[in-house]
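Numbering (the numbering used here), first residue to last: 846 to 1273.
Built from N, CA and C at the ideal position, the CB exists for glycine as well.
Heads up, the thing below is written out as structure tokens.
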RNA sequence: GGAGAGAUGGCUGAGUGGUCGAAAGCGGCGGUCUUGAAAACCGUUGUCCCAAAAGGACCGGGGGUUCGAAUCCCUCUCUCUCCGCCA
């Protein structure tokens, strides 16, 4: 959620910022400004009536004690009551519309980001070089199938397209990756959190998935409770709600969390032939990093998260690039995003393996996540940041393709071997 | 799944219709005393809306009754106890 004060004082700046993100919210913002004025008038009127009610009401016990006539006062109170009721009904209507519009506005992009979409993304650094093959490399689907690492057919049998089964050394390799990520984060002092994979509506609202992107997640239909629940699309959705409606102490910040979860996504209508295999599925494994920081610390935290994600990819020995996303390619909740993209030979291009973002106070406002600054004693919104560290569903194909040898076997990256009984080569 | 109990400030816990934003204790902060600390004593100590004053809101959430609700009613959520079932 954006700061209403900012919208009130700089509506044009907000409009321009959202334009840069590729969304036209001019009408919404104008309406919000109207509603804001109406809202404040209605609050003022209602509160004055309530103050009057409180004043008159105080006299009643005194008057009764003195044995006076209360009928005039009761009549007055009845009138006040009616007026308050009317005012409150109006206020509720205004606030409902106001709130839903406020929730629908995406975050503002950071100053200095290129406007526009994907085409304006800007690689800011490269690591390593594209591997040259002196034989015709196979794609990861064929390699994984031949080596028995992934069972796509039976995945589809169990759950339909977009699902697969990790088997044998494939499962070991996947698990080794997750262990490698987690151990690295633990060494960096992050707290490991294991989360529920089913979340309540509020979590999606805080993270910014809802109300706009409700169709992107899997909803549970078996719920008789009034609370709608869904399968988490990323651990971020849960981790950002961990401290929802809390006031943290300044000394508790920054909070640094990591979590491993499967991620469930509808990915409706997004299939492309080039994305076969496990590049885009309905369920994939990811270790997610989330930080809660003071506002002045979030830029440094962002760099830290980018650095951590890069270090993990480097550790695996991969060529990759880090890309600064243009304003319009950042997701709705985010002010700034860098993607780390790894080269996948069969796709002849780079694929995202990590996305690191700074939401600034956008999610904190939605989830009412604050901290008390020791110096002033005032509460302020925290900043939230997240980054994948990392998602395995692109890493494993990259390992398999980039580390393949002419005989169809693949080399296990050094850092993973200790999690796999020292296995160096996976062959037939 | 069945039966019951409960949700009050950072914590424990009083409060069953008016002067209650809420007793008391603990904790926190400040002070007195002390070389320093502890103890003792004194004072202070919730959040939010509002630029601020004034004012208003908040006793799990929502709704209702009432001139007036922490207190009565309805409903939802959550927690606990016992029984059943179960990884």
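With contacts defined by Cβ atoms closer than 8 Å, residue 1138 and residue 1077 do not form a contacting pair. Assigned with DSSP and collapsed to three states, residue 1174 falls in helix.
Three or more Cβ pairs closer than 8 Å define a contact, and the region 1201-1220 meets that threshold against the region 1086-1103.
Here residue 1186 carries a strand assignment [DSSP, helix/strand/coil].
Under the DSSP assignment, residue 1222 falls outside any alpha helix (DSSP H); it carries neither an H nor an E label. In the displayed model, residue 919 falls within a helix according to three-state DSSP. Under the 10 Å beta carbon count, residue 1187 is surrounded by 16 or more other beta carbons and is classified as buried. Shown here for residue 1045: same chain residues with a beta carbon closer than 8 Å to its own, the five before and five after excluded, namely 1072, 1073 and 1074 in chain order. Straight-line measurement puts the Cα of residue 1165 at about 11 Å from the Cα of residue 1156. For residue 1203, the three-state secondary structure derived from DSSP is strand. Just so you know, the alpha carbons of residue 947 and residue 870 end up roughly 11 Å apart. The three-state secondary structure of residue 1251, taken from DSSP, is coil. With a threshold of 16 other beta carbon atoms within 10 Å, residue 1016 falls short and is exposed. Along the length of the region 927-964, whole alpha helix (DSSP H) runs at least 4 residues long do not occur.
Straight-line measurement puts the Cα of residue 1053 at about 31 Å from the Cα of residue 889. About 3 Å separates the beta carbons of residue 1254 and residue 1272, which is inside the 8 Å limit, making them a contact pair.
Ranked by Cα distance from residue 970, the options 1168, 939, 1162 and 1265 are led by 1168. Looking at 1204, 1132, 955 and 927, the one whose alpha-carbon comes closest to that of residue 1240 is 1132. Counting along the chain, residue 1102 sits inside the beta strand (DSSP E) bounded by residues 1100-1109.
Bounds of any beta strand (DSSP E) do not take in residue 1079, whose DSSP letter is neither H nor E. Your pair residue 1227 and residue 1183 does not check out as a contact, with CB atoms roughly 21 Å apart and the cut at 8 Å.
Put simply, of 1058, 1048 and 1030 the residue whose alpha carbon is nearest the alpha carbon of residue 1154 is 1030.
Rounded to the nearest whole angstrom, the C-alpha separation of residue 1004 and residue 1042 is 18 Å. In this structure, residue 978 keeps its C-beta atom at 8 Å or more from the C-beta atom of residue 1159. By the criterion of a C-beta distance shorter than 7 Å, residue 1057 is surrounded in its chain by 949 and 1177, once the five residues flanking it on both sides are discounted. Remark: C-beta atoms of residue 918 and residue 901 approach each other more closely than 8 Å.
Sequence-distant partners of residue 1012 (beyond 5 residues in either direction) whose C-beta falls short of 8 Å from its own C-beta, in its chain, are 993, 994, 995 and 996.
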